[in-house]
Amino acid sequence: MLDIAFIRQNADVVRAAITNKRIELDLDALLAADKERRETIAKIELKRARKNEIAQLIPKASKDDRPRLIEEGKSVKTELEELEPALTQAQKSFDDLMLRVPSIPRPEVPVGKGEEDNVEIRKVGAPRKFDFPARDHVQLMTLHEMVDWEGPRKFAGARSYALKGMGALLEVAVTRLALDTLVARGLVPVIPPVMVKERAMQGTGFFPLGVEEAYSISADGLYLVGTSEVPLVSLHCDETLDAAQLPIRYAGMSNCFRREAGAHGKDTKGLYRVHQFTKIEQVVFCVPDEAVAEKEHYQLLGNAEAILEKLEIPYRVAIACTGEIGLGQTRKHEVESWMPGRDDGKGAYSETHSCSTLGDFQARRSNIRVRMPDGSLSYPYTLNNTAIASPRILIPLLENHQQEDGSIVLPKALVPYMNGVEVLKPKR
RNA sequence: GGAGAGGUGACCGAGUGGCCGAAGGUGCAUGACUGGAAAUCAUGUGGGCGGGCAACCGUCCCGCGAGUUCGAAUCUCGCCCUCUCCGCCA
Numbered sequence: 001m002l003d004i005a006f007i008r009q010n011a012d013v014v015r016a017a018i019t020n021k022r023i024e025l026d027l028d029a030l031l032a033a034d035k036e037r038r039e040t041i042a043k044i045e046l047k048r049a050r051k052n053e054i055a056q057l058i059p060k061a062s063k064d065d066r067p068r069l070i071e072e073g074k075s076v077k078t079e080l081e082e083l084e085p086a087l088t089q090a091q092k093s094f095d096d097l098m099l100r101v102p103s104i105p106r107p108e109v110p111v112g113k114g115e116e117d118n119v120e121i122r123k124v125g126a127p128r129k130f131d132f133p134a135r136d137h138v139q140l141m142t143l144h145e146m147v148d149w150e151g152p153r154k155f156a157g158a159r160s161y162a163l164k165g166m167g168a169l170l171e172v173a174v175t176r177l178a179l180d181t182l183v184a185r186g187l188v189p190v191i192p193p194v195m196v197k198e199r200a201m202q203g204t205g206f207f208p209l210g211v212e213e214a215y216s217i218s219a220d221g222l223y224l225v226g227t228s229e230v231p232l233v234s235l236h237c238d239e240t241l242d243a244a245q246l247p248i249r250y251a252g253m254s255n256c257f258r259r260e261a262g263a264h265g266k267d268t269k270g271l272y273r274v275h276q277f278t279k280i281e282q283v284v285f286c287v288p289d290e291a292v293a294e295k296e297h298y299q300l301l302g303n304a305e306a307i308l309e310k311l312e313i314p315y316r317v318a319i320a321c322t323g324e325i326g327l328g329q330t331r332k333h334e335v336e337s338w339m340p341g342r343d344d345g346k347g348a349y350s351e352t353h354s355c356s357t358l359g360d361f362q363a364r365r366s367n368i369r370v371r372m373p374d375g376s377l378s379y380p381y382t383l384n385n386t387a388i389a390s391p392r393i394l395i396p397l398l399e400n401h402q403q404e405d406g407s408i409v410l411p412k413a414l415v416p417y418m419n420g421v422e423v424l425k426p427k428r
């Protein structure tokens, strides 16, 4: 959410952000609703002032004056009752529109429509050249009996799966490796609720635009989160943090649930796009200072890269263009891991991490404030980045480390987490 | 799920219809006192929204939402949350 005063004074900037982020929103409707709302407030407050005045006069008034005042009180009350619905309505449409106003992309974010307009920043590690026909993760996982593809589809539907055997152990291993890496770097591990109220989804910017993407538990009015960013940020909703306690850095671990509405037929093969997965997510609250946020952002990015390096997976980093960044994000870097089996075996870099700065967008929506050293109140900035998401990360892990006979040589850093197993041998 | 208790400012806690944005205390800030500190004394000490360059003014907020009333922290109804006991249970 943006400050309405900022929107009024910088309508052009906001308009550009709406266009560039490809958001559907009529800014003029918002400005009109704002005007309407303020004018109505002015009218109503005048009446309320009179109402309060009368109420104070009555106990002091003489017996003769009393009936007259009570009568006036009654009529003011009636007048107020006539005015108030207009305010409620104006406020409601104002609020609805405000929730759809995007944050302003930072200057370094390239303007663009889609993925093809993202700008690569660097490549780390070279894609491996195979001197044998490389298998994709579906073949490898089948060979190793790491996953049950068929069973779950009978009782849980499309895009469901069950990791088993070494597949299950690998997920535990990579998540623990990621978590340990973050803890060593000072993040506080958190296992938060994954069922949350609407306000958390709204507070973090996923609602109202993303309602279709979330599973809802209607009996209890709850939603399953698509990332632990939602509960982690919400942990501090309605709080006033002290600047001295910032930055707060969390490493959340949770299952994530996504309906993948609108992705029908896309990435249906394998474990790239699934409804339920496990993710370690980094979330940071910092003081509202661009330089500080900048530092935190690159630190989060660095953490993710460190994990990929431990897993010996080649990757590249790109900055996402305006059309690819979310409503609240002011800047997003994507880390794309090399997946040899993608693109019909030609291999491709594909997203495994996403590192975002949101400015005070989420803090405003979630009512999280910070008391600055000078005593003033402000909104903290929030940032987040994936540390690891599985099973997606298993795709590059298996595909990059496969041998001709189908065995997998595990990266050294992972071996302790696999109880000393260095090579996974195919079962078939 | 059943029975009961409770939700007031940073915290504790008073307040059962007008003089309550809210006593008192604690904490905090500033000043006085002190060599310095403690203690003491004095003063100050919430937020949202609207208006205003500002000083400031108005309005709203005593868990949330409706209602009664000229007037609600105080009365009524619904909801949420916390705690205790019982039941159930990984």
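1 is the number of the first residue of the first sequence in the numbering used here; add one for each residue after it. Even glycine gets a Cβ: it sits at the ideal position worked out from N, Cα and C.
query, result
"Would you give the residue range spanned by the beta strand (DSSP E) that S356 belongs to?", "A348 to T357"
"Please report the straight-line C-alpha distance between S354 and A389, rounded to a whole angstrom.", "10 angstroms"
"Under 8 angstroms by Cβ, that's how I've got I313 and H333 pegged, so tell me the actual separation to the nearest angstrom.", "Actually they are not in contact, since the Cβ atoms of I313 and H333 sit about 17 angstroms apart, beyond 8 angstroms."
"So is F6 buried or exposed if we call it buried at 16+ other beta carbons inside 10 Å?", "exposed"
"Which term fits V225, buried or exposed, when burial requires 16 or more other beta carbons within 10 angstroms of its beta carbon?", "buried"
"Just how far apart, CA to CA, sit E212 and A184?", "37 angstroms"
"Which partner residues of R100 appear in the DSSP bridge assignment?", "DSSP lists no partner for R100."
"DSSP has M195 in a bridge; who is on the other side?", "L224"
"Is the number of C-beta pairs between the segment 51-64 and the segment 127-139 that are closer than 8 angstroms three or more?", "no"
"Please report how far the alpha carbon of M253 lies from the alpha carbon of R176, in whole angstroms.", "10 angstroms"
"How do the segment 414-425 and the segment 283-301 stand: do at least 3 beta-carbon pairs fall below 8 angstroms, yes or no?", "no"
"Would the segment 111-131 and the segment 65-83 be scored as touching if the rule is three or more Cβ pairs under 8 angstroms?", "no"
"So is L377 buried or exposed if we call it buried at 16+ other beta carbons inside 10 Å?", "exposed"
"Pick from I325, G341 and A126: whose alpha carbon is nearest that of N20?", "I325"
"With DSSP as the reference, identify every bridge partner of T322, one or two as the case may be.", "According to DSSP, which records beta bridges pairwise, T322 is partnered with nothing at all."
"Where does V233 fall in DSSP's three states?", "helix"
"So what does DSSP say about I76, is it helix, strand or coil?", "The sequence given here has Val at residue 76, not Ile. V76 falls in the helix class under three-state DSSP."
"Identify which residue in T40, L99 and K74 has its Cα closest to the Cα of R365.", "L99"
"Pull the bridge partners of A134 from the DSSP assignment, please.", "The partner list for A134 (beta bridge, DSSP) is empty, contrary to what the question assumes."
"What three-state label does DSSP hand R156 in the structure shown?", "The residue you asked about is not Arg; residue 156 is Ala in the sequence shown. If DSSP states are grouped into helix, strand and coil, A156 belongs with coil."
"So, L271 versus Y349, is the Cβ gap smaller than 9 angstroms?", "no"
"Can you tell me where the alpha helix (DSSP H) with Q299 in it begins and where it stops?", "E290 to K310"
"Any chance the segment 242-262 sits against the segment 335-352, with 3 or more Cβ pairs inside 8 angstroms?", "no"
"Beta carbon of T382, beta carbon of V283: below 9 angstroms?", "yes"
"Quickly, what does DSSP pair D148 with across the bridge? List them, please.", "A162"
"Are the beta-carbon atoms of G73 and I44 separated by less than 9 angstroms?", "no"
"Use the C-beta contact count for L397: other C-beta atoms within 10 angstroms, 16 or more gives buried, fewer gives exposed.", "buried"
"In the DSSP assignment, what are the bridge partners of T204?", "Note: T204 sits in no beta bridge, so no partner."
"Along the chain, where does the alpha helix (DSSP H) containing E39 start, and where does it finish?", "L27 to L57"
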